[in-house]
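If you read the sequences in order, they're chains A and B.
In this text, residue positions in the first sequence follow UniProt numbering: the first is 1, and each later residue adds one.
In this text, residue positions in the second sequence follow UniProt numbering: the first is 1, and each later residue adds one.
Read through the structure below, which is laid out as structure tokens, and then see the notes.
2 protein chains.
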Amino acid sequence: MPPDSGPGRYTVACVQFEPVIGDRAGNLAKIEAKVRAAHAAGASLVVLPELADSGYVFDSAEELARLAGPVPDGESAARLVALARELGIHIVSGLAEAADGHFYNAAMLTGPDGYIGTYRKLHLWFRETLFFAKGDLGLPVFDTPLGRIGMAVCYDGWFPETFRTLADAGADLVAIPTNWVPMPAQDPKAEAMANTLHKAAAHSNGLYIACADRVGVERDQPFIGQSLIVGPDGWPLAGPADRSREETLLAEVDIGGIATVRQLNQYNHVHADRRRDVYR
Amino acid sequence: MPPDSGPGRYTVACVQFEPVIGDRAGNLAKIEAKVRAAHAAGASLVVLPELADSGYVFDSAEELARLAGPVPDGESAARLVALARELGIHIVSGLAEAADGHFYNAAMLTGPDGYIGTYRKLHLWFRETLFFAKGDLGLPVFDTPLGRIGMAVCYDGWFPETFRTLADAGADLVAIPTNWVPMPAQDPKAEAMANTLHKAAAHSNGLYIACADRVGVERDQPFIGQSLIVGPDGWPLAGPADRSREETLLAEVDIGGIATVRQLNQYNHVHADRRRDVYR
Chain A
1 MPPDSGPGRY
11 TVACVQFEPV
21 IGDRAGNLAK
31 IEAKVRAAHA
41 AGASLVVLPE
51 LADSGYVFDS
61 AEELARLAGP
71 VPDGESAARL
81 VALARELGIH
91 IVSGLAEAAD
101 GHFYNAAMLT
111 GPDGYIGTYR
121 KLHLWFRETL
131 FFAKGDLGLP
141 VFDTPLGRIG
151 MAVCYDGWFP
161 ETFRTLADAG
171 ADLVAIPTNW
181 VPMPAQDPKA
191 EAMANTLHKA
201 AAHSNGLYIA
211 CADRVGVERD
221 QPFIGQSLIV
231 GPDGWPLAGP
241 ADRSREETLL
251 AEVDIGGIAT
261 VRQLNQYNHV
271 HADRRRDVYR
Chain B
1 MPPDSGPGRY
11 TVACVQFEPV
21 IGDRAGNLAK
31 IEAKVRAAHA
41 AGASLVVLPE
51 LADSGYVFDS
61 AEELARLAGP
71 VPDGESAARL
81 VALARELGIH
91 IVSGLAEAAD
101 GHFYNAAMLT
111 GPDGYIGTYR
121 KLHLWFRETL
131 FFAKGDLGLP
141 VFDTPLGRIG
151 MAVCYDGWFP
161 ETFRTLADAG
171 ADLVAIPTNW
181 VPMPAQDPKA
191 EAMANTLHKA
201 AAHSNGLYIA
211 CADRVGVERD
221 QPFIGQSLIV
231 GPDGWPLAGP
241 ADRSREETLL
251 AEVDIGGIAT
261 VRQLNQYNHV
271 HADRRRDVYR
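Okay, here's the thing in structure tokens:
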């Protein structure tokens with residue numbers, strides 16, 4: 001499907017669903033069905049959750065070893081590469097990556113012409129530190145026909161430097177596969193802190209941010225849903241999605257309009273106004 | 001008034017009010033009455049809005065020149081220094097400062113033993129750039145009996161580096177005199193972007209943040225109120241205050257508890273988890 005109208009205007013989808021720990025075949029079947037539905041609804045870029053192929057709460061390194069695969073040649077990655085190629089769209093998905101004797105909590109970007117690139121989660125959360133190696137690929141930004149796309153995963157979004165670094169590398173849109181969990185002292189009725197953090201990051205950096213979260217409870221770990229697509233002014237374009245139901249968010253983005261949004265007024269620009277002479 | 005209970009536990013007040021442009025005597029009288037009331041309500045630290053003594057929308061540099069004064073010896077600053085000394089409390093207020101042939105959009109911290117220090121706004125907003133010099137004192141943090149206090153003013157809060165720099169300098173609490181204005185594309189019913197930004201900054205840095213905003217419309221410029229006191233977990237302790245009415249927020253803080261909040265779990269710490277090897 002071509003962009004909706006004009007250069008840099010197209011539809012982003014964030015697929016919120018519930019992966020099942022250990023059931024790679026079932027997860028990939030569900031992913032494929034949901035990506036096809038998002039494509040049918042007009043999406044040119046589809047974002048999927050963190051570790052969408054494997055599930056999240058590993059019992060052991062051995063369990064992760066059985067589920068992780070190489071990128072882009074393993075079963076999960078190859079399936080997504082083929083799907084994006086067939087549909088002529090871009091896909092970002094979280095995947096359990098096996099490489100060089102390590103495991104990475106990775107995100108892969110693939111497009112109509114095949115595999116584009118990989119990001120490996122820099123900031124590991126909780127027991128991830130027991131199973132995964134820390135990301136060693138920096139914060140790459142990839143030039144695509146849909147703009148310059150960066151990726152980050154879940155807890156990466158807690159660090160303002162993630163978005164600053166991506167913005168300084170020219171990112172237009174940051175795709176965030178995530179498995180958000182409740183934060184300490186969270187009022188369950190209040191807006192998720194994750195939503196607050198990504199609205200702030202989008203506003204302060206003038207970035208589109210597309211967060212695809214999972215839902216459900218896995219081995220006693222609840223996930224909070226509330227996937228969100230935010231515009232470069234920091235206001236939500238779609239979502240937050242439901243807290244527990246599967247749901248696909250759709251939003252139109254306008255990459256060409258970002259420069260105008262970043263120029264807040266005739267005197268102020270979200271990037272140019274920084275006082276790099278002062279910050280430590 | 002002593003701290004409420006235990007070391008590092010005390011009450012912070014944010015005074016939201018409507019200064020009148022050009023009426024320094026009237027503004028100082030109102031400030032004094034509101035500070036006395038906050039003290040009577042138990043506050044050990046009182047935060048006042050940006051340019052609380054002068055008003056905000058200057059017609060000309062000449063108007064600003066008539067309103068600005070030296071810190072801490074000018075009329076406005078000296079009045080606040082005497083008031084804090086008399087009441088035995090700390091006060092942070094925005095002031096129009098004249099120094100060395102320049103004007104600064106400043107914040108002053110003063111306490112029971114007199115003047116403590118000054119901050120000069122680093123990031124100037126809109127027509128402030130016509131009248132004020134950019135801050136040249138960095139982002140100082142002052143050791144006080146109430147903890148390590150930093151200051152920032154309004155648009156400074158749009159830059160995540162402001163809070164990172166203050167946190168790295170050991171700040172426990174950031175006092176923010178502000179004159180927040182509506183952001184582009186703001187849904188007037190939605191939470192203010194300013195509130196979003198400061199909740200995110202408090203959470204990502206493990207800082208108390210106390211924002212005292214003004215209200216009212218001055219020379220066609222509306223201000224949005226919604227003053228806010230946020231805890232180091234990012235959740236509001238008091239506020240947001242009303243969008244148009246004068247109001248004083250009160251919240252108890254626990255400086256000694258910050259270290260525990262910053263340690264999110266046995267594996268994660270909001271500062272230690274940073275990947276400084278990667279950020280640019």
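All C-beta atoms in this analysis are idealised placements derived from N, C-alpha and C, irrespective of residue type, glycine included.
Here the structure is a predicted model, which means the values were calculated and not measured.
- For the 7 Å CB-CB criterion, residue 148 of chain A and residue 114 of chain A do not form a contact.
- Taking a C-beta distance under 7 Å as the contact criterion, residue 166 of chain B and residue 139 of chain B qualify as a contact pair.
- A direct Cα-to-Cα measurement between residue 31 of chain A and residue 55 of chain A gives close to 12 Å.
- Within the segment 200 to 223 of chain A, those residues whose Cβ lies closer than 7 Å to any Cβ of chain B are, in chain order, 200, 203 and 204.
- For the segment 104 to 161 of chain B, the full-length beta strand (DSSP E) segments reaching 3 residues or more read 114 to 120, 141 to 144 and 147 to 151 along the chain.
- For the pair residue 205 of chain B and residue 94 of chain B, the Cα-to-Cα distance works out to about 23 Å.
- The Cβ of residue 161 of chain A sits closer than 7 Å to at least one Cβ of chain B.
- Cβ-Cβ separation between residue 26 of chain A and residue 35 of chain A: approximately 15 Å, too far for a contact (criterion under 8 Å).
- By the CB criterion at 7 Å, residue 262 of chain A and residue 270 of chain A fall inside the cutoff.
- For residue 46 of chain A, no CB of chain B lies under 7 Å from its own CB, so it is not counted at the interface with that chain.
- Taken in chain order, the members of the segment 103 to 133 of chain A whose beta-carbon sits within less than 9 Å of a beta-carbon on chain B are 122, 123, 124, 125, 126, 127, 128, 129 and 130.
- In the DSSP secondary-structure assignment, residue 90 of chain B is bridged to B/45.
- Counting only unbroken stretches of 4 or more residues, the alpha helix (DSSP H) elements lying wholly within the segment 12 to 84 of chain A are 24 to 40 and 61 to 67, in sequence order.
- Excluding residues up to 5 positions away in sequence, 123 lie with their Cβ nearer than 7 Å to the Cβ of residue 159 of chain A in the same chain.
- Under the 7 Å criterion on CB atoms, residue 11 of chain A is classed as non-interfacial with respect to chain B.
- Secondary structure of residue 164 of chain A (DSSP, three-state): helix.
- Per DSSP, reduced to three states, the secondary structure at residue 258 of chain B is helical.
- Excluding residues up to 5 positions away in sequence, 24, 28, 53, 69 and 95 lie with their Cβ nearer than 7 Å to the Cβ of residue 76 of chain A in the same chain.
- Remark: fewer than three beta-carbon pairs, one from each stretch, lie closer than 8 Å, so the segment 196 to 211 of chain B and the segment 58 to 74 of chain B are not flagged as touching.
- In this structure residue 105 of chain A is in contact with residue 132 of chain A, their Cβ atoms being roughly 5 Å apart against a cut-off of 8 Å.
- Taking 7 Å as the cut-off, the Cβ atoms of residue 47 of chain B and residue 81 of chain B do not count as close.
- In chain order, 182 place their CB closer than 8 Å to the CB of residue 188 of chain B, counting only its own chain and leaving out the 5 sequence neighbours on each side.
- If you draw a straight line from the Cα of residue 153 of chain B to the Cα of residue 16 of chain A, it comes to about 39 Å.
- For the 7 Å CB-CB criterion, residue 18 of chain A and residue 216 of chain A form a contact.
- No residue range can be given for residue 264 of chain A, since it is assigned to no alpha helix (DSSP H) and is classified by DSSP as neither H nor E.
- Between residue 61 of chain B and residue 118 of chain B, the alpha-carbon positions lie close to 22 Å from each other.
- Residue burial is scored here from C-beta neighbours: residue 240 of chain A has at least 16 other C-beta atoms within 10 angstroms and is therefore classed as buried.
- Not one beta carbon of chain A lies nearer than 7 Å to the beta carbon of residue 71 of chain B.
- Between residue 226 of chain A and residue 192 of chain A, the beta carbon gap of about 5 Å places them in contact (Cβ cut-off 8 Å).
- Residue 197 of chain B: member of the alpha helix (DSSP H) spanning 193 to 205, first to last residue.
- For the pair residue 233 of chain A and residue 185 of chain B, the CB atoms are nearer than the 7 Å cut-off.
- Rounded to the nearest whole angstrom, the C-alpha separation of residue 243 of chain B and residue 210 of chain A is 30 Å.
- Of the other Cβ atoms in all chains shown, 16 or more fall within 10 Å of the Cβ of residue 135 of chain A; this residue is therefore buried.
- Against residue 180 of chain A, chain B offers no close residue; the least beta-carbon distance is about 13 Å (beta-carbon pairs closer than 9 Å).
- The beta carbon of residue 247 of chain B lies closer than 8 Å to those of 16, 225, 227 and 241 in the same chain, with the five residues before and after it left out.
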